[in-house]
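What follows is a set of notes on a single structure, which appears directly below.
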Amino acid sequence: MGGGLAGMVAGIALQQAGKNTAIVSMGQNALHFFSGTFESLKEPDERLAALFSAAGIRVHYREGVRLMPLGTFKKAALSLEDIDIFPNAKFARRVLIVNFLGYHDFFSSFLAEGLEKHGIECRIRFLSLPDLDNTKAHGEMRSVQIARSMDRIWEKVVQEIRLMLRDEDTVVLPQVFGLSDTTVPGRIRQSLPARVVFAGTMPPSVPGIRTQMQLRRRYQLLGGTFLMGDEAIRAHEHEGVVHSIATNNLDAHYLEADSFILATGGLFSKGLRSNPFQISEPILGLDIDHPEDRNNWYNPAFAEEQPYMGYGVKTDAQLHAVKEGIALKNVYAIGSILGNTRPELGSGAGLAINSAFAVVDTLLAEK
Ligand SMILES: Cc1cc2nc3c(=O)[nH]c(=O)nc-3n(C[C@H](O)[C@H](O)[C@H](O)COP(=O)(O)OP(=O)(O)OC[C@H]3O[C@@H](n4cnc5c(N)ncnc54)[C@H](O)[C@@H]3O)c2cc1C
30 MGGGLAGMVA GIALQQAGKN TAIVSMGQNA LHFFSGTFES LKEPDERLAA LFSAAGIRVH
90 YREGVRLMPL GTFKKAALSL EDIDIFPNAK FARRVLIVNF LGYHDFFSSF LAEGLEKHGI
150 ECRIRFLSLP DLDNTKAHGE MRSVQIARSM DRIWEKVVQE IRLMLRDEDT VVLPQVFGLS
210 DTTVPGRIRQ SLPARVVFAG TMPPSVPGIR TQMQLRRRYQ LLGGTFLMGD EAIRAHEHEG
270 VVHSIATNNL DAHYLEADSF ILATGGLFSK GLRSNPFQIS EPILGLDIDH PEDRNNWYNP
330 AFAEEQPYMG YGVKTDAQLH AVKEGIALKN VYAIGSILGN TRPELGSGAG LAINSAFAVV
390 DTLLAEK
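Numbering (the numbering used here), first residue to last: 30 to 396.
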């Protein structure tokens with residue numbers, strides 16, 4: 030249940046090991062907002078490297094900072110190949126920021142303001158390409174719409190930038206390249222006489238959507254069944270064992286399995302729900318790990334980190350999900366639905382991947 034990073038990694042690893050799996054995936058997941066940096070992961074071990082490589086996902090590991098969409102910097106390490114990691118924020122002397130006329134999701138003036146704070150001189154130029162007129166005519170100029178054209182017309186963009194460049198040592202472009210052809214960012218870098226840096230845009234994230242597409246393609250190639258747009262709504266349980274689940278689209282047909290993995294995400298993806306009185310897990314009614322006193326759920330300083338964001342479902346040592354104090358025998362929870370309950374497994378993408386592999390190992394060790 031859930032086709033985000035955790036569900037996809039578990040599904041791929043199980044299919045690779047010869048298991049027969051299906052993923053019910055309701056909608057958007059955190060990868061659609063992905064910065065391209067995998068939180069709390071060091072260099073990928075052999076297993077993760079092989080999984081990514083077979084899916085066509087290329088990563089690199091370097092400790093440093095990455096450029097955020099509004100010109101700030103954030104610590105980063107393991108990242109997608111087209112995300113630049115710098116030793117520090119002063120990554121260039123003079124920068125040409127290239128934007129597209131009418132594009133809504135790339136705030137080049139905020140970006141320049143942010144870079145100038147670090148002593149980087151910036152010049153902004155807008156490109157108007159006839160090839161994008163069709164995009165403009167058929168709707169808004171958003172990242173994904175532009176990205177659909179860019180892998181076809183990137184050479185024209187490069188030509189225009191060559192004409193614009195003066196004495197800048199670096200060109201900053203929005204991350205709208207490589208959605209369908211992952212070689213394009215590298216080819217742009219080779220074609221320009223200055224260093225090229227791809228800066229994040231407002232969501233949705235083009236590198237994140239690409240990663241999701243690559244994982245799904247790999248899963249389906251391995252024979253996995255991906256039920257896109259369907260929602261797991263109910264589980265049928267007897268004496269601590271779940272036999273089947275009901276979904277919205279399958280109506281009265283239930284999905285039966287030996288084991289079930291709950292990878293439905295946190296509050297953001299509706300894997301957890303909340304109302305003024307409680308936080309709940311809607312499919313199985315699992316126990317949630319949070320303090321009894323509701324006054325401790327939030328921080329009155331609104332902009333600070335909020336405790337409730339870290340709440341997750343309770344699990345035992347093998348990540349069996351816990352309901353009414355008892356671990357369900359064949360239901361496991363992975364990814365951000367765990368909240369901060371399992372710090373030893375990391376956070377963010379690290380938690381999603383580590384917990385997925387942990388459950389896969391448990392399942393493969395079972396007779
Ligand atoms: C906005 C945002 C940005 C983030 N950016 C980063 C980042 O840049 N780097 C990083 O390391 N971490 C990031 N994170 C942390 C992120 O949670 C993890 O990186 C990871 O991607 C979470 O994966 P997941 O599979 O556990 O959950 P999710 O990605 O949330 O996926 C859960 C999926 O389950 C589906 N689902 C929910 N309920 C049901 C149901 N009943 N039936 C079927 N499907 C269901 C949802 O629609 C969703 O597709 C971000 C989190 C958020 C919220």
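Here a beta-carbon is modelled for each residue, glycine too, at the ideal position from N, C-alpha and C.
If we count the other Cβ atoms within 10 Å of its Cβ and call it buried at 16 or more, is residue i buried or exposed?
i	result
residue 212	exposed
residue 65	buried
residue 37	buried
residue 117	exposed
residue 281	exposed
residue 145	exposed
residue 129	buried
residue 381	buried
residue 327	exposed
residue 74	exposed
residue 207	buried
residue 298	buried
residue 82	exposed
residue 103	exposed
residue 174	buried
residue 319	buried
residue 33	buried
residue 258	exposed
residue 346	exposed
Kindly indicate the opening and closing residues of the beta strand (DSSP E) around residue i.
i	result
residue 397	Since the first and last residues shown for the chain are 30 and 396, residue 397 lies out of range.
residue 93	88 to 96
residue 266	261 to 267
residue 181	Counting along the chain, residue 181 falls outside any beta strand (DSSP E), though it belongs to the alpha helix (DSSP H) covering 172 to 193.
residue 273	270 to 276
residue 129	123 to 129
residue 202	199 to 203
residue 374	Run containing residue 374: none; DSSP gives neither H nor E here.
residue 362	355 to 362
residue 349	349 to 352
residue 51	51 to 54
residue 105	102 to 109
residue 224	224 to 228
Compare the beta carbon distance of residue i and residue j with 8 Å and say whether it is the shorter of the two.
i	j	result
residue 312	residue 342	no
residue 90	residue 72	yes
residue 154	residue 125	yes
residue 236	residue 63	yes
residue 210	residue 180	yes
residue 22	residue 358	Coverage of the chain is limited to positions 30 through 396, which leaves residue 22 absent and any answer about it impossible.
residue 348	residue 53	no
residue 228	residue 201	yes
residue 367	residue 391	no
residue 243	residue 85	yes
residue 100	residue 156	no
residue 397	residue 363	In the structure as shown, the chain starts at 30 and stops at 396, and residue 397 therefore has no counterpart that could be examined.
residue 267	residue 285	no
residue 374	residue 387	yes
residue 351	residue 43	no
residue 223	residue 194	yes
Under 8 Å by Cβ, that's how I've got residue i and residue j pegged, so tell me the actual separation to the nearest angstrom.
i	j	result
residue 247	residue 41	6 Å
residue 240	residue 205	Actually they do not touch by this definition, with Cβ atoms about 15 Å apart.
residue 56	residue 292	The Cβ separation is near 14 Å, so there is no contact.
residue 365	residue 294	5 Å
residue 94	residue 190	In fact, because the Cβ distance is near 25 Å, the residues do not count as touching under 8 Å.
residue 217	residue 183	6 Å
residue 98	residue 136	7 Å
residue 308	residue 283	The Cβ separation is near 27 Å, so there is no contact.
residue 324	residue 336	Not confirmed; about 11 Å, so no contact.
Considering just the uninterrupted stretch of the alpha helix (DSSP H) at residue i, what are its terminal residues?
i	result
residue 385	377 to 394
residue 220	213 to 220
residue 246	235 to 250
residue 150	Premise fails: residue 150 lies in the beta strand (DSSP E), 150 to 156, not in any alpha helix (DSSP H).
residue 312	Neither: residue 312 is in no alpha helix (DSSP H) and is coded neither H nor E.
residue 412	In the structure as shown, the chain begins at 30 and stops at 396. Residue 412 is therefore absent and cannot be evaluated.
residue 144	137 to 145
residue 82	75 to 84
Tell me whether residue i, by its Cβ, gets closer than 7 Å to a heavy atom of ligand 3.
i	result
residue 267	Annotation note on ligand 3: not contained in the displayed structure, which lists ligand 1 as its ligands.
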